[in-house]
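If you're matching positions, the sequence shown starts at 1 in the UniProt record's numbering and goes up one per residue. Reviewing the structure listed below.
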Amino acid sequence: MMNSEAGPGPAIRTAGLTVVRGGRPVLHGLDLEIPRGSVTGLLGPSGCGKTTLLRSVVGVQRTAGGTVEVLGRPAGDAALRHRVGYVTQAPSVYADLTVTENLAYFAAVLGAPKGDPDRVIRQVGLTGHENDPAGRLSGGQRARVSLAAALLGAPELLVLDEPTVGLDPVLRQDLWQLFRGLAEEGATLLVSSHVMDEATRCDRLLLMRDGRLLAHDTPAALLAATGAADIDSAFLRLVEDTPRTADTVETGR
Ligand SMILES: Nc1ncnc2c1ncn2[C@@H]1O[C@H](COP(=O)(O)OP(=O)(O)OP(=O)(O)O)[C@@H](O)[C@H]1O
């Protein structure tokens, strides 16, 4: 849902985005626009290019063609450093530092407000673990420390690469509620997942296959356009209907 205070223009706009990795094209000229104040799910099978697209948005991926604009600036622009949070698939925290020490360190690097570590620890549900060394946390807890680090400074755009992998259903539910709350406050979230049942929690979905967009629409519009009962089946129908080299299917919104 668009937040009226979220600012003009889309949060992310790509035009003809092309990426070659290891000598092979992995993104084939993607055109997309993601509105501000929304939660967009990026779904598709392993290896289809989700991480590569997220890296391009954050500005750490070398591109072979096209443009990527983020919050009105070229992706990776220095002015975006404090405005974009990125959580990679591999949690990046210091194992020998406690949760609070990790977050205090990242907050200092970012110049985030003093109370921010406490705020983000609460947001990701790590209260009670503040003094645990990150190396002794479970995988899911460590992933949440990474997420907490990305929330420092309250970035306008959050780019999350499979943030719910390895989490139990209760935590997944809590995190999706957090994402929804952040979007309602005006933040934009781009969240990759290969768990199709998370799709219905998103405002919009990007369905990807083989480095191309199969569809970019709301979950309801995708279901209506394909006549499928769930996003899994909608995806399969789009795959069946799309020759492997075809461009994005417009599902008519
Ligand atoms: N460092 C790399 N060098 C060369 N090719 C790479 C590299 N990283 C990824 N690729 C290739 O780029 C393509 C897209 O990979 P990407 O990681 O973006 O997919 P993904 O959809 O995020 O997959 P997953 O869901 O498994 O994380 C794959 O074919 C992969 O083999």
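Even glycine gets a Cβ: it sits at the ideal position worked out from N, Cα and C. A quick note: this is a predicted structure, and the numbers were derived from the prediction, not measured.
Residue range of the beta strand (DSSP E) that Arg-83 falls in?
To locate residue 83, count along the sequence shown from 1; it is residue 83. No beta strand (DSSP E) contains Arg-83, which DSSP labels as neither H nor E.
Please report the straight-line C-alpha distance between Arg-13 and Asp-241, rounded to a whole angstrom.
Taking the sequence shown and counting its residues from 1, the one referred to as residue 13 is at position 13. Taking the sequence shown and counting its residues from 1, the one referred to as residue 241 is at position 241. Straight-line Cα distance between these residues: approximately 26 Å.
Which word fits Glu-184, buried or exposed, when buried means at least 16 other C-beta atoms lie within 10 angstroms of its C-beta?
By 1-based counting over the sequence shown, the position of residue 184 is 184. Exposed, because fewer than 16 other Cβ atoms sit within 10 Å of the Cβ of Glu-184.
Below 8 Å on the Cβ atoms is my guess for Ala-75 versus Ser-92; work out the distance and round it to an integer in Å.
Walking along the sequence shown from the start, residue 75 turns up at place 75. Walking along the sequence shown from the start, residue 92 turns up at place 92. With 8 Å as the limit, Ala-75 and Ser-92 do not qualify as a contact, their Cβ atoms being about 20 Å apart.
Based on the DSSP output, what are the partners of Val-159 in its beta bridges?
The sequence position of residue 159 within the sequence shown is 159, counting from 1. DSSP output for Val-159 lists Tyr-86 and Leu-190 as bridge partner(s).
Ligand 1 heavy atoms versus the CB of Cys-48: any closer than 7 Å?
Position 48 of the sequence shown, counting from 1, holds the residue named residue 48. True, at least one ligand heavy atom lies under 7 Å from that Cβ.
Quick check on DSSP: helix, strand or coil for Arg-36?
Taking the sequence shown and counting its residues from 1, one reaches residue 36 at position 36. Of the three classes helix, strand and coil, the one that applies to Arg-36 here is coil, per DSSP.
What three-state label does DSSP hand Pro-74 in the structure shown?
As a first step, residue 74 is located in the sequence shown; it is residue number 74 there, counting from the start. Strand.
To which residues does DSSP link Arg-209 through a beta bridge?
In the sequence shown, the residue the question calls residue 209 occupies position 209. Within the DSSP secondary-structure output, Arg-209 pairs in a beta bridge with Arg-212.
Just curious, the alpha helix (DSSP H) that Gly-181 is in, first and last residue?
Your numbering for residue 181 matches position 181 in the sequence shown. Per DSSP, Gly-181 belongs to the alpha helix (DSSP H) from 169-184.
Pick helix, strand or coil for Pro-219, following the three-state DSSP scheme.
As a working note, residue 219 is residue 219 in the sequence shown. Helix.
Relative to the C-alpha of Gln-173, which residue among Glu-162, Arg-201 and His-194 is closest?
The residue given as residue 173 occupies position 173 in the sequence shown. The shortest Cα separation from Gln-173 among Glu-162, Arg-201 and His-194 belongs to Arg-201.
Since Leu-157 contacts Val-145 with CB under 8 Å, what's their CB separation in whole angstroms?
Working through the sequence shown from its first residue, we reach residue 157 at position 157. Working through the sequence shown from its first residue, we reach residue 145 at position 145. That belief does not hold up - the Cβ atoms of Leu-157 and Val-145 are roughly 20 Å apart, past 8 Å.
Going by beta-carbon coordinates alone, are His-82 and Pro-163 separated by less than 8 Å?
Position 82 of the sequence shown, counting from 1, holds the residue named residue 82. Position 163 of the sequence shown, counting from 1, holds the residue named residue 163. Result no, Cβ atoms of His-82 and Pro-163 do not sit closer than 8 Å.
Please report the straight-line C-alpha distance between Arg-119 and Asn-102, rounded to a whole angstrom.
Here residue 119 refers to the residue found at position 119 when the sequence shown is read from its first residue. Here residue 102 refers to the residue found at position 102 when the sequence shown is read from its first residue. For Arg-119 and Asn-102, the distance between alpha carbons rounds to 14 Å.
Would you mind reading off the limits of the beta strand (DSSP E) that contains Thr-14?
In the sequence shown, the residue the question calls residue 14 occupies position 14. Looking at the DSSP string, the run of the beta strand (DSSP E) that includes Thr-14 is 12-21.
If we call anything under 8 Å between Cβ atoms a contact, is Leu-152 one with Val-68?
To locate residue 152, count along the sequence shown from 1; it is residue 152. To locate residue 68, count along the sequence shown from 1; it is residue 68. No.
Kindly list the residues whose CB is nearer than 6 Å to the CB of Asn-3, restricted to its own chain and excluding five residues on each side of it in sequence; keep chain order.
Along the sequence shown, read from residue 1 onward, the residue named residue 3 stands at position 3. With a pLDDT of 42 at Asn-3, under the threshold of 50, the modelled position of this residue cannot be trusted, and the question is left open.
Near Arg-212, which residues of its chain fall below 6 Å by C-beta distance, leaving aside the five closest residues on each side in sequence?
Looking up residue 212 in the sequence shown gives position 212. Only His-28 meet the Cβ criterion.
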